[in-house]
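Protein chains in written order, with my numbering: chain A, 113 to 342; chain B, 113 to 342.
Note that CB positions come from ideal geometry on N, CA and C, so glycine has one too.
First up is the structure itself, then whatever we jot down about it.
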DNA sequence: GATGTTCAAATTGTATACAATCCAGTCAAG
DNA sequence: CTTGACTGGATTGTATACAATTTGAACATC
């Protein structure tokens, strides 16, 4: 989850690129990730790809089955509530901790993020909007000033985003911008308890909007990964 | 953290053995874990050892520095509060969730664990007592019926236990058995809020008993790992 | 004596060869 | 037509060789 760290290493490049692509829903849950293809695409050895996949599997966004291979994590409908509950607990604690204690810089940063997210969605760039929406939550986790808590938060944010990718067909990607705006407000003013309950509502809202129908998953691994990061 | 899974694989064996040894404080924080030595001891290739170490590093009990190697995780004194805070949040949520909902089987299991733990400490078997004390907390995490939450809980339990190993010289290993007994009581009777605050107190008590002095760390890797598991 | 430099040993990082396993398509039997 | 076994191709699992890096000690220099 520590994106900045190890960015230069080969493994880090593969990891980040895959993480982004998955988070931006360019690779749907269930998409197969074969080691050779990835080694080919990134021009590294299987060893490096393997480590990157392993790391992604610890983050929960990739599922590795022995002798079968790696796929983007899929979630059974009956397991969905667990992940949202866990996220509510962690992210609720996070926002309760930071509410009323924002620096002006942090406040402005958050507002800028909301605006940027909004702009992307308005202009139809769903992938980027999604990314910003997740970064918004990531940023909140970071300012809680508790490394393990932030790590857990990011992990659950990523995991539930993956669930949204699998079960939410509407374009919003789960997060309503107006919600984010309100979250910033209450984070600035406090109190923590109110911020927490608003976050709970926000996440509950996302969960309630999931649609558990069937949908086809398809992927052109080479095409998706070879294009530059716009 | 899923000990049952992958127990048969070579990697699983190395992982579990190392995890146990670290948790039972037979390997102090800071102890070096060189790949070749471990490959030698377990009669597997470096590849397998590497994966096991990688997994342990994701769990937070081992720290891998690039081009340097792996050591049992050490924690700076100023970072200690973070980990305990994170553990209180997660384990508090866990116990609040299970309080008042125990099956009689679970209740009896927990009571048996407390007795067993007590017996080990009384008979002077500190390592086993420690193990049971941690297993007690692990078990609570499991019955919360939320996989990601249990995983986070176990991770923080292991991590703080490592901190205790580093900074607590008293024999208790941090957990007082009487505390555990009281925890079972409140888990049986509820309500969740009371159970949570008791857990908070319990963990606060452990944290308050840490001693941040200096102490020498030493290890005989071969000796510690080659002896059978009593 | 303190400090800086060089070099060798040890250790980790990476790539690749080979073994083990799984999967899909073929074909034959019922 | 369905079912079952079999085989070839593809993919992952493991071991190992070699490259890159770090560390520590010996030595020279100030």
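Neighbourhood of residue i by C-beta, 6 Å cutoff - its chain only, sequence neighbours within 5 removed
{"i": "residue 271(B)", "result": "172, 195"}
{"i": "residue 343(B)", "result": "The structure shown does not extend to residue 343(B), since chain B spans only 113 to 342, so no value can be given for it."}
{"i": "residue 219(A)", "result": "300"}
{"i": "residue 302(A)", "result": "211, 212"}
{"i": "residue 180(A)", "result": "none"}
{"i": "residue 122(B)", "result": "156, 160"}
{"i": "residue 234(B)", "result": "none"}
Beta carbon of residue i nearer than 8 Å to that of residue j
{"i": "residue 315(B)", "j": "residue 203(B)", "result": "yes"}
{"i": "residue 310(A)", "j": "residue 295(A)", "result": "yes"}
{"i": "residue 168(B)", "j": "residue 130(B)", "result": "yes"}
{"i": "residue 240(B)", "j": "residue 232(B)", "result": "yes"}
{"i": "residue 308(B)", "j": "residue 208(B)", "result": "yes"}
{"i": "residue 205(B)", "j": "residue 298(B)", "result": "no"}
{"i": "residue 317(B)", "j": "residue 291(B)", "result": "yes"}
{"i": "residue 261(A)", "j": "residue 198(B)", "result": "yes"}
Given residue i as reference, the closest of the options once Cα atoms are compared
{"i": "residue 178(B)", "options": "189(B), 193(B), 162(B), 190(B)", "result": "162(B)"}
{"i": "residue 300(B)", "options": "238(B), 269(B), 221(B)", "result": "221(B)"}
{"i": "residue 170(A)", "options": "266(A), 319(A), 311(A)", "result": "266(A)"}
{"i": "residue 319(B)", "options": "192(B), 144(B), 121(B)", "result": "192(B)"}
{"i": "residue 190(B)", "options": "321(A), 312(A), 258(A), 317(A)", "result": "258(A)"}
{"i": "residue 98(A)", "options": "122(A), 188(A), 256(A)", "result": "The structure shown has nothing for residue 98(A), since chain A only spans 113 to 342."}
{"i": "residue 276(A)", "options": "121(A), 137(A), 123(A)", "result": "137(A)"}
Chain B residues whose Cβ lies nearer than 9 Å to that of residue i
{"i": "residue 259(A)", "result": "191, 194, 195, 198"}
Spatial neighbours of residue i in its chain, beta-carbon cut-off 8 Å, leaving aside the 5 residues before and after
{"i": "residue 126(B)", "result": "150, 154, 156, 160, 161, 164"}
{"i": "residue 158(A)", "result": "147, 148, 151"}
{"i": "residue 166(B)", "result": "176"}
{"i": "residue 186(A)", "result": "141, 142, 175, 278"}
{"i": "residue 184(A)", "result": "134, 139, 140, 141, 142, 143, 145, 173, 174, 175, 274"}
{"i": "residue 254(A)", "result": "262"}
Closer than 7 Å at the beta carbon, the chain B residues around residue i
{"i": "residue 170(A)", "result": "170"}
{"i": "residue 165(A)", "result": "Simply none; closest approach about 12 Å."}
Minimum Cβ-Cβ distance from residue i to chain B less than 8 Å
{"i": "residue 201(A)", "result": "yes"}
{"i": "residue 299(A)", "result": "no"}
{"i": "residue 329(A)", "result": "Per-residue confidence for residue 329(A) stands at a pLDDT of 44, beneath the threshold of 50, marking its modelled position as unreliable; the derived number appears in the next sentence. No, residue 329(A) lies away from the interface with chain B (no Cβ there is under 8 Å from its Cβ)."}
{"i": "residue 264(A)", "result": "yes"}
Closer than 8 Å to chain A by CB, residue i
{"i": "residue 333(B)", "result": "Confidence in residue 333(B) is poor, its pLDDT being 48 and thus under 50, which makes the residue's placement too unreliable to answer from."}
{"i": "residue 239(B)", "result": "no"}
{"i": "residue 307(B)", "result": "no"}
{"i": "residue 127(B)", "result": "no"}
{"i": "residue 119(B)", "result": "For residue 119(B), the predicted structure reports a pLDDT of 43, less than 50, and the residue's modelled location is therefore unreliable. A value from the coordinates is still provided. Chain A contact via Cβ: absent."}
Distance cut-off 7 Å: residue i Cβ against heavy atoms of the ligand ZN
{"i": "residue 168(A)", "result": "This structure simply doesn't include the ligand ZN, nor any ligand for that matter."}
Same chain, Cβ closer than 7 Å to residue i, five either side skipped, listed in chain order
{"i": "residue 293(A)", "result": "226"}
{"i": "residue 246(B)", "result": "135, 269, 273"}
{"i": "residue 223(B)", "result": "296"}
{"i": "residue 115(A)", "result": "With a pLDDT of 38 at residue 115(A), under the threshold of 50, the modelled position of this residue cannot be trusted, and the question is left open."}
{"i": "residue 200(A)", "result": "312, 315"}
Partner residues on chain A for residue i, Cβ-Cβ distance less than 8 Å
{"i": "residue 211(B)", "result": "Here the premise fails: no neighbours, minimum Cβ distance about 15 Å."}
Contacts that residue i makes with chain A (C-beta to C-beta distance below 7 Å)
{"i": "residue 205(B)", "result": "201"}
{"i": "residue 268(B)", "result": "260"}
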